[in-house]
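Going by the working numbering, the sequence shown opens with residue 1, and the numbers climb by one from there.
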Amino acid sequence: MTDASLGTETVVVGEPVTVEVTLQNSGVLESETTVALTVDGETVTEESVTVGGDGTTVTVERSFEAPGEYALAVDGVAAGTVTVERAIRVREASLERARGPVGTRLPLLATIRNHGPAAVGRPVTVTADGDSVATRTVEVDGETTREVRFEPSVTEPGRYDLAVEDVPAGTGQFTDTWREFGHDGGNTGRTRTASPPTESGTEVWRRDFLDGTRGSPVVVGDTVYLGLGNPYAADDSGSVVALEAATGETRWRKQTGGRVDFPPSVVAGYVVCGANTGQFRDDAASGRVRAFDRRDGRAAWTVDLDAPVAGPPAASERSVYVSTTGGRVYAIDATDGTVRWTENVETRPSAPAVTDRQVFVGGRDGRVRALGVEDGTVRWQVPVEGRIESSPTAVDGTVYVASRIYHDRYAAITGGTLAAIPTDGGEPEWTTTVDESLGSSLAVGEDGLFAGVGLSIWGFERADGSVRWRGPSADAGTGTTGAPAVVDGTVYGGLGRVNGGYVVAFDAADGSERWRTEGDAATSAPAVGDGRLYVGVGFGELLALTDE
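So, in structure tokens, the structure goes:
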């Protein structure tokens, strides 16, 4: 053999590259020989050819299933390097809208070309600062160009450089939102960018839902979402409703096939909620997770669970994490409802809190557990005194938990424990015991922690758990206190009792009251957005308050 050369130096995946081989015959008669084609030094094919007395030229073909650069040779004679490109390639990409709240999707348009002769389909990925945030399988006919819309979303506010594969689409700005219980997946109960009322709690609007609700609102952009359902009714009916944030008018409302006992979560453009039927101790009780398009309420997916949902879902990236009264924790892909994993924690767990690496749940057995976010494996568990019934709070390398201490015989609540545990496990950094019930999740300020204690709200020092201040208690009766929220040095919360209650704003530093709004029992956790505070009162009413 005297020569080998490539017919072309660039092909697309699946398209054959031709190698032209020149063979010489040292004799005068035809002879048989074998030529071996190698790719990156490895033989991939051998062919028998007949060589005439004057020599001959033959061709050898090879196609590739993956893009890249490949060195080809025949019988040790280099033919050259071929570049294999994707048949489908992104040519251009641009954002249709460059700003939106966290939990929603920013639409972008990509121009995609199939350079091959046949129709081809493959996954195409959108990245935000290099991390995958959306993937869609795209099919394009041969030698054809089409425009494809993607809708990426993120779970943390900020500016992100968006790209479709390696083609920049622009910079998207995702603004902060109170998109789930406790504001975020870590249940921190705080936001640094919203501007809730600080001078007064003037009522803007009020909605009364006859179905009743025990859940708290969440707010994304100009829409408030609320789960409905009466746990004492016989029919277990429930729904999720979307309201105009400025007026309280209904945008859409969808039946869920069960009571929505806990706040929904807005993630990847979907409103995700739990729906329960029956009572928790009934053998026939059941739970499921439902997802609806946040824009119009279109049903997206449903996941049936082993038992009723035990608390609000927590969201991170494109997944939601849900616990059940049957002792399981589920990780579900928010985009399509695929169950990524499920883990039995062998006790009734609290609702989860999630960071980028771990999922944290408390338990009725008094243990805090950390599960790996990728596979649900229990990485560590740490005991605290009492039962952990409310969601943990995970932030800045620490998990904060509140527990209730019960009298052994009569199940009366005799006190509570607050503990700070490193996110990598080990002994608590500190613990604080109080002589009243610690029934709510926490809100985390710059240097303080805030929680519902008994029928009041207290402030604690983040550094050591010591009591910073004690707010006023509901005047009489029994009830519960919802988880508070903290924004720019102001703590917001609702206090409830059987004959009334109020929403109150405290100074985070010293606990002094900034304003108070009297009304029905206010025992849900407030949500903050666009200059307003949203809070559930009574049994089925939702208030919007502002400074105006």
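From the three backbone atoms N, C-alpha and C, an ideal C-beta is built for every residue, glycine too.
Simplified DSSP assignment, three categories, for residue i
i    : result
V267 : strand
E156 : coil
Y232 : coil
Q173 : strand
T127 : strand
I557 : With the chain covering 1 to 548 only, the question about residue 557 has no answer from this structure.
P101 : strand
P312 : coil
S403 : strand
F181 : coil
R468 : strand
R146 : strand
E15  : coil
F64  : coil
T478 : In this predicted model, T478 has a pLDDT of only 41, less than 50, meaning its place in the structure is not dependable enough to derive any value.
L305 : coil
L542 : strand
P349 : strand
N187 : coil
A246 : coil
S456 : strand
R387 : strand
R214 : coil
D222 : coil
S442 : Position check: residue 442 holds Leu in this sequence, whereas Ser was assumed. It is coil, neither helix nor strand.
R298 : coil
P117 : coil
D54  : coil
R364 : coil
T137 : strand
F262 : coil
P428 : coil
G76  : coil
V82  : strand
Residue i: first and last residue of the uninterrupted beta strand (DSSP E) it sits in
i    : result
V487 : 485 to 487
R290 : 286 to 293
T33  : 31 to 39
N25  : Segment: none, N25 is in no beta strand (DSSP E) and carries neither H nor E.
E46  : 42 to 51
R207 : 202 to 208
T393 : 393 to 395
N114 : 108 to 114
T517 : 513 to 519
G193 : First, the amino acid is wrong: residue 193 is Thr here, not Gly. Neither: T193 is in no beta strand (DSSP E) and is coded neither H nor E.
G529 : 527 to 529
F360 : 358 to 361
D333 : 328 to 333
P422 : 413 to 422
E343 : 339 to 344
S319 : 319 to 323
V537 : 532 to 537
Neighbour-count burial assignment, residue i, 16 or more Cβ in a 10 Å radius
i    : result
E69  : exposed
H567 : In the structure displayed, the chain extends from 1 to 548; residue 567 sits before or after that span and is not available.
A549 : In the structure displayed, the chain extends from 1 to 548; residue 549 sits before or after that span and is not available.
Y232 : exposed
E199 : exposed
G130 : exposed
P197 : buried
T325 : buried
F506 : buried
T478 : At T478, the pLDDT of 41 sits below 50, so the modelled position is not reliable; the number obtained from the coordinates is stated separately. Label assigned to T478: exposed.
G549 : Summary: the structure shown does not reach residue 549, with the chain confined to residues 1 through 548, and so no result is reported for it.
V44  : exposed
V537 : buried
T223 : buried
Q358 : buried
T417 : buried
Supposed close pair residue i, residue j - CB separation, criterion 8 Å
i    : j    : result
S524 : G494 : 6 Å
N187 : S403 : The Cβ separation is near 15 Å, so there is no contact.
L449 : Y492 : Contact flag wrong, Cβ pair sits at about 15 Å.
G227 : A483 : So it is not a contact: roughly 16 Å between Cβ atoms.
V49  : V58  : 5 Å
V535 : R516 : Not a contact, Cβ separation roughly 13 Å.
At least 3 beta-carbon pairs within less than 8 Å: the region 137 to 148 vs the region 252 to 264:
no
Indicate whether the contact test is met: 3 or more Cβ pairs, each with one atom in the region 243 to 250 and one in the region 201 to 211, closer than 8 Å.
yes
Closer than 8 Å is the cut-off here; do at least three beta carbon pairs connect the region 373 to 393 with the region 418 to 426?
yes
On the three-pair Cβ rule with 8 Å, is the region 105 to 122 touching the region 27 to 39?
no
Could you check whether the region 238 to 247 touches the region 330 to 342, counting it as contact only if at least three pairs of C-beta atoms, one from each stretch, sit closer than 8 Å?
no
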